[in-house]
Amino acid sequence: MAEELDKVDVVVVGTGWAGGIVSAELAKAGKNVVALEKGEEKVRSDYIGVKDELRFDNRYDIMQNLKGDTVTSRNEIDETALPIRSPQTMQIGIDTGGASVHWAGATYRYWPYEFEMRSQTIERYGEEKIPDEMNLQDWGITYEEMEPYYEMWEDTCGIGGEQDPLAPERNKPWPNPPMKETPSLKLFKDAASNLGLHPYQLAAGNMTENYENPDGEQLNACMYCSYCTRHGCDFDAKSDPIATVIKTANRHDNFELRHRSNARRVLYDEDENRATGVLYVDENSGEEFEQPADVVVLAAFAFSNNRLLMLSDIGEQYDPETEEGTLGRNFNGQYNHAFHGATGFFENEKFNLYMGAGALGATLSDYAADNFDHSDLDFIGGGAIELRQYGFAAISSSNNVPEGTPGWGKEYKDKSLHYAYRTLTIWYTANAMSYSHNYVDLDPNYSDEYGDPLLRVTYKFGDNERNIAQFGIERCTEIMEEMGADIVEPGSVPEEFNHSYTGGHYTGGVVMGDDPETSVVNSYLQMWDVDNLFVVGGSAFPQHGGHHPTPTIGALAYRAAEGIQMYMDEEQGQLVQANSRSRRV
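Heads up, the sequence shown is in our numbering, so the first residue is -1 and it goes up one at a time.
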């Protein structure tokens, strides 16, 4: 029998950017907030002096253990999905700060077109441009409405960048200057400019100078040590929730963070149509607790947000056969096709690639969103072309060998040493569209250690994804050839998704919009069906943008926090009026 605890104003599930921002903003507003984190407590001192490629890059020390809790995956509706158990093919962040601690720092805003992709595509090209099976929809919010929330997140994080020459002019400058331009990045920019493109320095959550954010949190200048992605930062030099919003929330006595607290259900009063709290397990003791709250916020990873709602029987499960229901619909992500581009090997150039940072890079937007004419192209959408200097350590640099090189022996040793710092890769991170056949639901065959069904992912590529990948490969190859690489190896387009969830960017299933027939939450991420339940995070994306999702997750979290305060302080019900043309009856 679960022990019922004292009621609080708000209970938040998850402590990444989404949960951390909501917790900090509501604690600052005087609300009594309890945040539940499934993983261990981590503080900055846990990462100081830990430069361990084997531990973090190869053994995935700060990723979720998949033995008991994972997802199952399949391509076709009539297949039996199988569990993903290997950290090499599934990396989900855990512990304080979640995946936001091991993010690289690359910062892009989504384009105005991406928030209104369906309506703008129809306006420019006609509705026939959209394939019948593609569930393309607008977000229910515009770029202009999103910009203030982007600014809030960027100010909190101290993002350093420069104006993209093709993007809308910013209302205010980036909080910090851009990162340093290295020889490899200059080579990329010069080549792109020679081709008539518009390169610029990638905006970064890696600090370019000491910075104090609006909450008074101090961030330190990056040392370009290269231990960013899959690592926690030593020096508070990478924006993450531990350095910013969790630290801010913890300054308030009305905030409590409980670790090793595994949320299993949203408590729901069907008669009152209200969420009443969260049922969770203290994994230190095995005890179950009910945490009552006036407002419940699910702010976990996209997988967990979907699964918690389904386990709690809240929302109408999407059925791909009838295409009715909304929960689980439009599940998506930047899968392996997002990283196809071109790799170049240089014989007479050697770059200092052992130094770097997660978002030390150059990029261009000529092929992003709808910045180029799609009239005669067999896809819609676009993405960013990037060259990043993450920093190669000993193990990762040994993989820099041309195709056809043996995996062992003298030739492998000679080439791995020769090309260790002579290898550059350009990526095209493209839009990934949503389709009627891609969704998530509860698996009927596999369960976790508590006997609860695992989340099942049904995902296969659409023609749009294959075609846009091939387009990106060709553009990246052109740039790499212009850079003068002696060997250029274009990427390849896979026939089908291979169940490798290594990118960490998964979205949808609890999508936002202005129409309850095609969305689960409104533009404040408030559930249409349950007024006091907010679902915050990448699970809200109707389709995946052509850039990395973290800044948009952060911006939406600030908007959600604003909405929760309005809901509580002004005793409002639904904060957004539904599209009256398809309101449920």
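Cβ coordinates follow ideal geometry from the N, Cα and C atoms, glycine included.
Straight-line CA distance for Gly275 to Val294? Inter-residue distance for Gly275 and Val294 is about 6 Å (C-alpha atoms, whole angstroms).
Cα-Cα, which of Ile393, Gln524, Val455, Leu385 is closest to Cys474? Leu385
Can you tell which of Val534, Gly536, Trp526 has the C-alpha that lies nearest to the C-alpha of Gly571? Trp526
Using the C-alpha atoms, what's the distance from Leu422 back to Met481? Rounded to whole angstroms, Met481 to Leu422 spans 10 Å at the Cα level.
Just the Cα atoms here: how many angstroms apart are Gly506 and Lys411? The straight-line gap from Cα to Cα measures roughly 44 Å.
By the DSSP assignment, the alpha helix (DSSP H) with Pro110 in it spans what residues? 110 to 113
Using 8 Å as the threshold, is the C-beta distance between Ala340 and Ile393 below it? no
Starting from Trp425, follow the beta strand (DSSP E) in both directions and report where the run begins and ends. Note, Trp425: beta strand (DSSP E), 421 to 428.
Give me the Cα-Cα distance between Phe186 and Pro146, rounded to the nearest whole angstrom. 32 Å
Count the C-beta pairs between the stretch 58 to 73 and the stretch 510 to 523 that are closer than 8 Å, then say yes if the count reaches three, no if not. no
Nonlocal neighbours in the same chain, by C-beta distance under 7 Å from Arg249, ignoring five residues either side: In its own chain, leaving out the 5 sequence neighbours on each side, no residue places its CB closer than 7 Å to the CB of Arg249.
6 Å CB neighbourhood of Ser580 in its chain, flanking five on each side removed: Because the pLDDT at Ser580 is just 47, under 50, the model does not fix this residue reliably, and the value given afterwards should be weighed accordingly. Cβ within range, chain order: Asp513, Glu515.
N- and C-terminal bounds of the alpha helix (DSSP H) containing Ile477: Residues 461 to 480.
Report yes or no: do the stretch 85 to 103 and the stretch 487 to 500 share at least 3 C-beta pairs separated by less than 8 Å? yes
Segment contact flag, the stretch 354 to 361 with the stretch 196 to 204, C-beta cutoff 8 Å, min 3 pairs: With a cut-off of 8 Å, the stretch 196 to 204 and the stretch 354 to 361 count as touching, because enough Cβ pairs lie within range.
What does the alpha-carbon distance come out to for the pair Arg57 and Pro404? 24 Å
For Gln541 and Pro129, the rounded distance between their alpha carbons: 14 Å
Counted within 10 angstroms of its Cβ, other Cβ atoms place Met(-1) as buried (16 or more) or exposed: exposed
Span separating the alpha-carbon of Leu265 from that of Val9: 11 Å
Compute the Euclidean distance between the alpha carbons of Leu195 and Ile120, then round it to the nearest angstrom. 27 Å
Quick one, are the C-beta atoms of Ala25 and Asn252 less than 8 Å apart? Cβ distance < 8 Å, so Ala25 and Asn252 count as in contact.
Cα-Cα separation, Gln332 to His372: 21 Å
Report the rounded CA-to-CA distance for Leu452 versus Pro163, giving the unit in angstroms. 45 Å
Select from Ala355, His338, Val528, Met431 the residue whose C-alpha is nearest the C-alpha of Arg116. Met431
Do the stretch 294 to 312 and the stretch 2 to 17 meet, that is, are 3 or more Cβ pairs less than 8 Å apart? In this structure the stretch 294 to 312 lies against the stretch 2 to 17, because at least three pairs of beta carbons, one per stretch, are closer than 8 Å.
Enclosing beta strand (DSSP E) for Ser434 [first to last residue]: Ser434 -> no beta strand (DSSP E), and no H or E assigned at all.
Segments assigned beta strand (DSSP E), at least 3 residues, entirely inside the stretch 275 to 354: Counting only runs of 3 or more residues that sit fully inside the stretch 275 to 354, the beta strand (DSSP E) segments are 285 to 296, 327 to 331, 339 to 343, in chain order.
At the level of alpha carbons, what is the spacing between Lys36 and Leu64? 13 Å
Selection from Gly156, Asp59, His229 that minimises the alpha carbon distance to Ala102: His229
Looking at the secondary structure, which residues open and close the beta strand (DSSP E) in which Asp267 lies? 259 to 267
For the stretch 230 to 244 against the stretch 94 to 114, are there 3 or more C-beta pairs whose distance is under 8 Å? yes
For the stretch 38 to 45 and the stretch 312 to 326, state whether three or more C-beta atom pairs, one from each stretch, are separated by less than 8 Å. In short, these stretches do not touch, since the Cβ pair count stays below three.
Report the residue from Arg272, Asn282, His338, Glu126 whose alpha carbon sits nearest the alpha carbon of Ile312. Arg272
Would you call the stretch 444 to 463 and the stretch 164 to 172 touching, i.e. three or more CB-CB distances under 8 Å? Short answer: they don't touch.
What span of residues does the alpha helix (DSSP H) with Thr505 cover, start to end? Per DSSP, Thr505 belongs to no alpha helix (DSSP H); it is in the beta strand (DSSP E), 504 to 507.
Chain-order list of residues whose beta-carbon lies under 6 Å from that of Lys413 (same chain, five-residue window excluded): Val399, Thr403
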